[in-house]
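Counting in full-length UniProt numbering, the sequence shown runs from 1 upward without gaps. Glycine included, each C-beta is placed from N, C-alpha and C at the ideal position. Values in this document were obtained by computation on a predicted structure and should not be read as measured data. So the structure is just underneath, and the comments pick up after that.
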Amino acid sequence: MRQRRVKSDYKPWLTNQIKKLSYQRDFLKKQAVKFRSAAYDAAYKRHKNYVNKLIKTTKEDYFKTKLGNAKNSYDSWQAINSLLNKRSKTTEIPELQIENRSVKGNENIASCFNDYFSTIGSKLASNVTGIDSDPLRFVPPVANTFYFQNISALELTKTIAQIKIKKSPGIDGISAKLLKDAGDTINFNDQSGFRQYHSTETTLLDSTSEWLGNMDKGLINEVLFLDLKKAFATVNHKILLSKLELYGIRGHSLDWFRSYFTNRKQGSNLRPFLFLLYINYLPNCLETTKARLFADDTTLSATGSTVDEIETKLNHDLVNVDQWLVANKLTLNEGKLKRNL
1 MRQRRVKSDY
11 KPWLTNQIKK
21 LSYQRDFLKK
31 QAVKFRSAAY
41 DAAYKRHKNY
51 VNKLIKTTKE
61 DYFKTKLGNA
71 KNSYDSWQAI
81 NSLLNKRSKT
91 TEIPELQIEN
101 RSVKGNENIA
111 SCFNDYFSTI
121 GSKLASNVTG
131 IDSDPLRFVP
141 PVANTFYFQN
151 ISALELTKTI
161 AQIKIKKSPG
171 IDGISAKLLK
181 DAGDTINFND
191 QSGFRQYHST
201 ETTLLDSTSE
211 WLGNMDKGLI
221 NEVLFLDLKK
231 AFATVNHKIL
241 LSKLELYGIR
251 GHSLDWFRSY
261 FTNRKQGSNL
271 RPFLFLLYIN
281 YLPNCLETTK
291 ARLFADDTTL
301 SATGSTVDEI
311 ETKLNHDLVN
321 VDQWLVANKL
331 TLNEGKLKRN
341 L
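Structure follows, in structure tokens:
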């Protein structure tokens, strides 16, 4: 079967002026063919070159304006999809097969997804067996105390004014539009922010810089890539609260986190940050390798003069990592374990 590629007719940069000039160009071409006139042919070529140049500059200006107005990556992709005439696709799931039974209906299917993701963490944690190790022995306590700082009404008003009404409501069910409409009347006692993460690019740059340095010394590098099963969902709240206390979060601030975790299963903007705090001191269990952490992805790198030396170092610290994971009730995804030499 022959396939034919159909070009999209979506060209928003084509102005009325360009369309009018294009019509004139086509007219001159027809006249040149009809009368076999050199004068018409020369006029057609001049007009064609002018129209092509105008289309190029107009299209370029249109793209620059569209992408230049983007304030973040979301806006950029919205602009790109608009330029490519890509429309969002909605995938519907009419039926699920769960344990030899058929589940139909949007509410029933949504309930099945909710049950799975809200219980997977506790199920994986219950399967963690082995040595009885204290997860807090890897966390050095700090003397300083963390506390929430009250903010002014002006700061709160400015923050609410920046909320985008298209955002989905949080667990409290209060819509962004309602918050903005009621911004002058509501008030909160405590607010907190997030730490800014390093990027994958800086992590990769740091890694490759070290590996290349080792190679210049005549050494061999080997990297072990680790991945955790349902990492965010398997964080043990009791252990996390103990770690937060060691980090200096005490008193009412710790009580706030304890209340925050109560009956909370899925959906939280704080989860990525809290997970980083949970695994922050995993490297303290290592003795012969170096760890690099990025969210739930971890790499162990070892260097040495022989492959056998490196294998010994990695295997030794794999045992230490396994003990750390057991102590913290986390599960290694063995199917995604990879090594690169």
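When K66, S301, S122 and F35 are compared, the shortest CA-CA separation from D206 is found for S301.
Residue range I220 to D227 is occupied by the beta strand (DSSP E) that includes D227. Shown here, N340 sits in a strand according to DSSP, grouped into three states.
In the DSSP annotation of this structure, the continuous segment of the beta strand (DSSP E) that includes F294 starts and ends at K290 to F294. Put simply, of V223, Q31, W13 and N320 the residue whose alpha carbon is nearest the alpha carbon of K59 is W13. Take S76, set aside five residues on each side of it, and the residues of its chain with a beta-carbon closer than 8 Å to its own are L67 and A70, in chain order. L274 and V235 do touch by the CB rule: their CB atoms are close to 7 Å apart, below 8 Å. For F146, the pairing in a beta bridge is given by DSSP as I249. For T299, the uninterrupted beta strand (DSSP E) segment begins and ends at D297 to G304. Relative to F225, the option among A327, W324, K338 and S22 whose CA is nearest is K338. Residues H47, K48 and V51 of the same chain have their beta carbon placed closer than 6 Å to that of R25, with the five preceding and five following residues left out of the count. Contact check for T298 against D227 passes: the beta carbons are separated by less than 9 Å. Distances from the CA of S122 to each of V33, K238 and E210 were compared; the closest alpha carbon is that of K238. For F113, the closest of E155, A43, I93 and A125 by C-alpha to C-alpha distance is I93. Going by DSSP, S22 is part of the alpha helix (DSSP H) stretching over N16 to F35. With a cutoff of 9 Å on beta-carbon distance, I120 and A291 are scored as not near each other. An exposed status is given to I165, since fewer than 16 other beta-carbon atoms sit within 10 Å of its beta-carbon. Note on E222: 16 or more other CB atoms within 10 angstroms of its CB, so buried under the neighbour-count rule. In terms of Cα proximity to D132, the closest of F261, T57, A327 and K336 is A327.
Here E95 is bridged, per DSSP, to K104. Here the C-alpha atom of L240 lies approximately 30 Å from the C-alpha atom of I160.
For a cut-off of 8 Å, the C-beta gap from L83 to S242 is around 51 Å, too long to register as a contact.
In this structure the stretch 101-113 does not touch the stretch 208-223; the number of beta carbon pairs closer than 8 Å is below three. Residue burial is scored here from C-beta neighbours: V321 has at least 16 other C-beta atoms within 10 angstroms and is therefore classed as buried.
Looking at the DSSP output, L332 bridges to L228.
Bounds of the alpha helix (DSSP H) holding A38 are A38 to G68. One Cα belongs to D115, the other to Y260, and the distance between them is close to 20 Å. With contacts defined by Cβ atoms closer than 9 Å, F148 and G248 do not form a contacting pair. Between N280 and V142, the C-beta gap is not smaller than 9 Å, which leaves the two residues out of contact.
In this structure, L254 sits away from L276, with a CB-CB distance that is not shorter than 9 Å.
Measuring C-alpha to C-alpha distances from K56 to each of I18, K30 and Q78 identifies I18 as the nearest. For Y281, no alpha helix (DSSP H) run applies, since DSSP gives it neither H nor E. Between Y10 and L28, the C-beta spacing is not below 9 Å.
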